[in-house]
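A.B. asks:
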Amino acid sequence: MSKLARELLFPLIAVVAAFIVGGVLILLVGDNPIVAYRLLLGSALSWPDGIGYTLFHATPLIFTGLAVLVGFRCGLFNIGAEGQLYIAAFATAWVGIIFANLTSWLLIPLCFAAAILTGAFWGGIPGVLKAKFGSHEVINTIMLNFIAVALVSYFTQYHYKVPGDPILQTAEIGPSAYIPHLGRFIPGLPERIPLNIAFLLALLCCLLVYVFLWRTKWGYEIRATGSNPFAAEYGGISIRKQIILAMSVSGALAGMVAINEVLGNRHRYYDGFSDNYGFTGIAVALLGRNHPVGVILAALLFAALQHGGIYVDGFSEHVTKDIVQVLQGVIILFVAAEGFFKWALGRRLPWNV
Amino acid sequence: MLELRQITKRFGDVLANDHVDIVVKPGTIHAIVGENGAGKSTAMRIAYGFYTADSGEIIVDGQPRDIKSPHDAIALGIGMVHQHFMLVETMTVAENIVLGAEPGTSLGLDLKSAGAQIRQLSEEFKLAVNPNEPIEHLSVGQQQRVELLKALYRHARLLILDEPTAVLTPLEVEEFFAILRRMREQGKTVIIITHKLSEVLAISDEVTVMRDGKVVGRVQTKDTNAAELARLMVGREVLLRVEKTDAEVGSPQLEVRNLSITDINGAKRVDGVSFEVRSGEIVGIAGVEGNGQTELIEALAGLVEPERITGEINFEGKNLNALGARIRRELGIAHIPEDRHRRGLLLDFSLAENSILGMHYRPPIAAMAGGIFLDENAVQRRASEIIQAFDVRPPNAALPARALSGGNQQKLIIGREYRVDPKLLLVSQPTRGVDIGAIEFIHRQLVGLRDDGCAILLVSAELEEVTSLSDRLLIIHDGRIAGEVDPKVATLEEIGLLMTRGH
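Given below as structure tokens:
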């Protein structure tokens, strides 16, 4: 089997298995799985709305998938992308509000910097804690998720809400901070669809992450640390530095979700804007086999399911959009079971003799 | 007693056993030798029922037998002791021995009669094992005897021992061989799988040699010698002795003064050690494993936190204590670590990526755009240079390091460290788990580096290796230097005594 085929095998098994399990469930509740799946995927792939929204939903998942990937490659499990993107979204909105009078050429880069640096800072905290005190990043990132949400909710509620607004959201950012929807450039794609420049930025980040991890000395050191920290140390690599670097880069990538949401879509910080992007990013990275190209494919799949699920809800008699949760769950289950399959298959292989 | 006839076993594309014939006579000690991957373990696992052969016959006591599982083998009186012991640490000797064949009724476990039986067996073969001792209190050598007892308790008449001496100290090996001889006297048959030729000659009556899945030789031990066995194993003439001239010693490169190292629990692992290594000489450190060698080498390589070190490490007159591993490498200190899987290699990385570890951050590897990007051409060049010069097989830089045999992994590491142009080489267990052919090569490389003026500090658990390579030999015991001997004149007994008693 070629290397590519081997890499694709388990993700494909996982996806096919998920659709089979989902199909059985649909049959059990008394609907036709073919009809339901046609509705699900057909609506997700229709032009222009389906594709436009699928790509829009895929954008944050690419960012968070990359974030989790960078952590994984250093042997770290960043469960804190959710908190990192919350903090970053608030900071981005804050900059967009405070400096609303600047021109686009200044304000947009400033907002980008806010998203990236705040995310890097929030991701860097558990990195520093692990490097200095050895405290586990999983615990710390989870706890920082709660702190992030509470912190930005507090600031929004008591300092940056428009007086009298019943919704927990900040005021709007200055119009010069808006980034354009792709509908403005693509014929046939209406501008009302929120798919924006951030999607292209996400694709660019995939390329950058690939180059960073596999073509630079820093990426080599991060991957070496993730692969075998003892050998990395032997090779003169400071493991502590790599942990801090990887967590910061990871946080920065998660923070870039803010660009899509705050600058490209809602134009404000809005409580609860994230549809669990940070956590779904873990599944995206796993299904994408911790490779940037895999992350794009996995993000597209999850986004398509997410968008198509809305239509299933509306038009199916018995099936609700919860079927999407089932599909995602089974995919994750099978991807996670890969280690088991490999173990079961590997026992009979000659190199285990 | 046991005969394998035309046994063939295939794993995927690999022919592990190719029409293998082995005849083991009752009441003998039969050695099966061969390099790693020669198929000796596979053949014995077939005899023990772990694998079933694709074709061929197993004959036990003259009868063709179908051995489908270890259960069948045990019923026929065949027992096997694995390289890695299968003992439950927290349970007693007796509990471990009866495990799987518990005496008594289904409700009550009758350990008392089992204990008496075990004691009797232990006395019969002079194993000196107390049935009521928990396994975790036993030394490695004692644990091995428990494994032997386990087989004897199940009435094994034929014992298959897979690399039994790999974990033993020289003294324990002697005791162990005495036990095997007693078993032979009592009419037991023993098969011993090994690749150590000196042990084959010391203990066995007959030898079967395997190479590439085939039997390539059957000899009586008294009619053969190490050179012939090595030639059969490798398929060509092998130089067993290290050839070297007297050392041309230069100025001191490494000076260690009163060095002590504590481990993370605060226990002293190295205690007030002083010595020096001069350019152009190999200084050996002999000792039973776990007497501070690992900590010493790691401390010299910069892999131990400075807080855990007292005393002085000087290299070319410069104090190294506070310097990290990277700076020490830049000064010209190379390190071939004792555990290549843990320290020496990134097993999931390609050979190419492994060939630059430790030099990945500076020219010519990281050269483009101010040294940020890895120069892929330079990486490939580096890898193919090492693969060619050190005969790494298979010669494919894209393979993961995991795919290589131990010997080839070691050659890759040595090739990489040689590219540092070291002034000081720290090398630990350079030939552990390495085939004879590669051992010869590695030894020649070390002597060659010495002759080029490099200072070499060599740690090895193989007494023969450390005495034949070293120009001076230090013996370490319990974290202290127990003595220094001239390896040309010192006897193994003398060294062995220093290793175990410390004075």
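So the protein sequences, as listed, match chains B and L. If you number the first sequence the way this note's numbering does, the last residue is 355 and the count never jumps. If you number the second sequence the way this note's numbering does, the last residue is 553 and the count never jumps. By construction, the Cβ of each residue, glycine as well, lies at the ideal position given by its N, Cα and C atoms. On a predicted model such as this, the values are computed, not experimentally measured, just so you know.
Which residue or residues does DSSP assign as beta-bridge partners of residue 198 of chain B?
C.D. replies: B:183
A.B. asks: Using a cut-off of 9 Å between C-beta atoms, extract the partners of residue 395 of chain L located in chain B.
C.D. replies: Within chain B, the residues near residue 395 of chain L are 230 and 233.
A.B. asks: Which residues bound the alpha helix (DSSP H) around residue 51 of chain B?
C.D. replies: 51 to 75
A.B. asks: Rounded to whole angstroms, what is the Cα-Cα separation between residue 389 of chain L and residue 320 of chain L?
C.D. replies: 19 Å
A.B. asks: If you measure between the beta carbons of residue 308 of chain L and residue 361 of chain L, is that distance less than 8 Å?
C.D. replies: It is a contact, given that the beta carbons lie within the stated cut-off.
A.B. asks: Count the CB pairs spanning the region 268 to 284 of chain B and the region 15 to 26 of chain B that are closer than 8 Å, and state whether there are at least three.
C.D. replies: Counting Cβ pairs under 8 Å, fewer than three are found: no touch.
A.B. asks: Could you name the residues of chain L that residue 217 of chain B contacts, counting a contact when the two beta carbons are closer than 8 Å?
C.D. replies: Result: 423, 424 and 426.
A.B. asks: Given a cut-off of 8 Å on the beta-carbon distance, is the pair residue 433 of chain L and residue 460 of chain L in contact?
C.D. replies: no
A.B. asks: Using a beta-carbon distance cut-off of less than 9 Å, what residues from the region 56 to 85 of chain L approach chain B?
C.D. replies: 60, 61, 62, 63, 64 and 66
A.B. asks: Quick check: what's the CA-CA separation for residue 277 of chain B versus residue 311 of chain L?
C.D. replies: 53 Å
A.B. asks: Closest to residue 462 of chain L by C-alpha separation, out of L:124, L:442, L:480 and L:476, would be which residue?
C.D. replies: L:442
A.B. asks: For chain L, find out if any of its Cβ atoms is closer than 8 Å to the Cβ of residue 236 of chain B; answer yes or no.
C.D. replies: yes
A.B. asks: Measuring straight from C-alpha to C-alpha, what distance separates residue 79 of chain B and residue 67 of chain B?
C.D. replies: 12 Å
A.B. asks: DSSP three-state call for residue 398 of chain B: helix, strand or coil?
C.D. replies: Residue 398 of chain B lies beyond the residue range present for chain B, which begins at 3 and ends at 355; the question has no answer from this structure.
A.B. asks: Listed in chain order, which residues of the region 305 to 327 of chain B have Cβ atoms closer than 9 Å to some Cβ of chain L?
C.D. replies: Closer than 9 Å at the C-beta level to chain L, one finds no residue of the region 305 to 327 of chain B.
A.B. asks: Take residue 355 of chain L and list the residues in its own chain whose beta-carbon comes closer than 8 Å to its own, dropping the five residues that flank it on each side.
C.D. replies: none
A.B. asks: Which residues, in order along the region 236 to 251 of chain B, keep a beta-carbon less than 8 Å from a beta-carbon of chain L?
C.D. replies: Within the region 236 to 251 of chain B, the qualifying residues are 236, 237, 238, 239 and 240.
A.B. asks: Does residue 555 of chain L get closer than 8 Å to chain B when you measure Cβ to Cβ?
C.D. replies: Absent from the model: residue 555 of chain L. The displayed extent of chain L is 51 to 553, so no value can be given.
A.B. asks: Quick one: what does DSSP say residue 252 of chain B is sitting in, helix, strand or coil?
C.D. replies: If DSSP states are grouped into helix, strand and coil, residue 252 of chain B belongs with the helices.
A.B. asks: Which same chain residues, not among the five before or five after residue 372 of chain L, have their C-beta less than 8 Å away from its C-beta?
C.D. replies: 356
A.B. asks: Are the C-beta of residue 387 of chain L and some C-beta of chain B separated by less than 8 Å?
C.D. replies: yes
A.B. asks: I'd like the ranges of any beta strand (DSSP E) spanning at least 3 consecutive residues and lying wholly in the region 278 to 327 of chain L.
C.D. replies: Within the region 278 to 327 of chain L, the runs of beta strand (DSSP E) that reach at least 3 residues and sit entirely inside it are, in chain order, 302 to 312.
A.B. asks: Report the residue from B:289, B:60, B:89 and B:261 whose alpha carbon sits nearest the alpha carbon of residue 146 of chain B.
C.D. replies: B:89
A.B. asks: Less than 8 Å between the beta carbons of residue 542 of chain L and residue 496 of chain L, yes or no?
C.D. replies: no
A.B. asks: Report the three-state DSSP secondary structure of residue 476 of chain L (helix, strand or coil).
C.D. replies: strand
A.B. asks: So the candidates are L:483, L:104 and L:268; which of them puts its Cα closest to the Cα of residue 62 of chain L?
C.D. replies: Between residue 62 of chain L and the set L:483, L:104 and L:268, the nearest pair of CA atoms involves L:104.
A.B. asks: Name the chain L residues that come within less than 8 Å of residue 7 of chain B, Cβ to Cβ?
C.D. replies: Simply none; closest approach about 16 Å.
A.B. asks: Using C-beta distances below 6 Å, list every residue in its chain close to residue 255 of chain B, excluding the 5 sequence neighbours before and after it, in chain order.
C.D. replies: The residues are 65, 68 and 69.
A.B. asks: Return helix, strand or coil for residue 145 of chain B, following the three-state DSSP convention.
C.D. replies: helix
A.B. asks: Enumerate in chain order the residues of its own chain whose CB-to-CB distance from residue 271 of chain B is below 8 Å, with the five nearest sequence positions on each side excluded.
C.D. replies: 91, 92, 94, 95, 96, 154, 158, 162, 171, 172 and 264
A.B. asks: Would you kindly work out how many angstroms separate the C-alpha atoms of residue 141 of chain B and residue 66 of chain L, rounded to a whole number?
C.D. replies: 47 Å
A.B. asks: Please state if the CB of residue 244 of chain L and the CB of residue 338 of chain L are separated by a distance shorter than 8 Å.
C.D. replies: Against a cut-off of 8 Å, the Cβ pair of residue 244 of chain L and residue 338 of chain L comes out as no contact.
A.B. asks: Could you check what DSSP says for residue 267 of chain B in three-state terms: helix, strand or coil?
C.D. replies: helix
A.B. asks: Chain B partners of residue 408 of chain L, CB-CB under 8 Å?
C.D. replies: The contacting residues are 236, 237 and 238.
A.B. asks: With residue 300 of chain L and residue 330 of chain L assumed to form a contact (beta carbons below 8 Å), what rounded beta-carbon distance in angstroms separates them?
C.D. replies: 5 Å
A.B. asks: Can you tell me where the beta strand (DSSP E) with residue 80 of chain L in it begins and where it stops?
C.D. replies: 79 to 83
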